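Beneath this line is the structure, given in structure tokens, with notes to follow.
Numbering (the numbering used here), first residue to last: 630 to 746.
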């Protein structure tokens, strides 16, 4: 878990620095998108942990409800930020994609490490 945090901070820092050379508003959008992606992943992890303690009859409903709630909040956040012109839409989307890609790579590396034990 500590490795994942360090990698996420590194990717966020490098991405922000690259975007900063383009424009400060692009860098801000990248940071906002990355943070939304990380918060989304944290929420997903908490949901996964929670369902392990729920009775089987409630798991499907809980997962479905949290999926739609997470999706709605993510889309509403993006829409509001873009509609109010607080962020650059493309850099915000780039930040989100970077955080999701980082999460997928870290998950693959973690699974590989577990398989090699």
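Beta carbons are placed, not taken as given, at the ideal position from N, Cα and C, and that holds for glycine. Source: prediction; values computed, not measured.
Judging by CA-CA distance, which residue of the options is the nearest neighbour of residue i?
i, options, result
"residue 645", "723, 742, 669, 743", "723"
"residue 714", "636, 654, 632, 730", "654"
"residue 636", "746, 720, 692, 732", "732"
"residue 736", "670, 688, 698, 686", "670"
"residue 720", "666, 634, 638", "666"
"residue 699", "673, 678, 687, 708", "673"
Tell me the DSSP secondary structure of residue i in three-state form.
i, result
"residue 654", "helix"
"residue 669", "helix"
"residue 674", "helix"
"residue 746", "coil"
Please report the Cβ distance between residue i and residue j, rounded to the nearest whole angstrom; I am assuming they are in contact, meaning their Cβ atoms lie under 8 Å.
i, j, result
"residue 658", "residue 716", "4 Å"
"residue 727", "residue 640", "6 Å"
"residue 680", "residue 691", "6 Å"
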